[in-house]
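Q: Questions regarding the structure given below will be posed in turn.
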Amino acid sequence: MSEWKNVTDTFSEAQRRYNGKYLEIDEVYDDVVEVSVFSALDEPYEIYFNYDIFFGIVYAEIENVYEIRDEMKRELQAEYEKHKNVTDEFINMFSEKYGVSMPGDIFSNFDLSTFFSGI
């Protein structure tokens with residue numbers, strides 16, 4: 005059986021700082037499932053997860069961020085061990101339960117001009 009591995013130290017201190025947030029911890033399970041916690045001043049913490057085609061952010065207050073993260077890890081691990089690939093039913097259940105958000109900067113944090121340079 006696989007175990008969760010803390011891979012936080014594979015990032016430099018500079019890499020751990022991203023868009024005003026700080027990578028507190030990054031863990032992976034079987035090199036397939038990832039769960040990370042990002043902190044920010046005066047903002048809710050972000051729990052980022054990535055599993056198969058399913059990824060997103062769950063916002064949490066500092067008081068309960070690690071409790072929520074641990075619960076998410078258990079559910080993601082159980083789904084992975086049962087199906088290997090994420091199921092539609094799991095995506096729907098998990099998204100509703102945790103209020104999963106799509107990272108807002110996933111489409112806006114790069115220069116679009118290169119796509120339009122040939123037009």
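For this note's numbering, count along the sequence shown from 1 and bump the result up by 4.
We put the CB at the ideal spot given by N, CA and C, even for glycine.
(1) Determine the direct distance from the alpha carbon of I51 to that of K9, and round the result to whole angstroms.
(2) By DSSP's criteria, D30 is part of a beta bridge. Which residues make up the other side?
(3) Specify the secondary structure class of K9 as computed by DSSP and reduced to three states.
(4) Mind checking which residues open and close the alpha helix (DSSP H) that includes V69?
(5) Taking buried to mean at least 16 other C-beta atoms within 10 Å of its own C-beta, is E83 buried or exposed?
(6) Please work out which residues of its chain come closer than 7 Å, Cβ to Cβ, to T12, disregarding the five sequence neighbours upstream and downstream, and give them in chain order.
(7) Only counting the same chain, and skipping five residues up and downstream in sequence, which positions put a Cβ closer than 6 Å to that of P107?
(8) Would you report the Cα separation of E17 and D46, rounded to the nearest angstrom?
(9) How would you call R73, buried or exposed, if buried means at least 16 neighbouring beta carbons within 10 angstroms?
A: According to the structure data:
(1) 16 Å
(2) S40
(3) strand
(4) 69-87
(5) buried
(6) L27, I29, D30
(7) I61
(8) 21 Å
(9) buried
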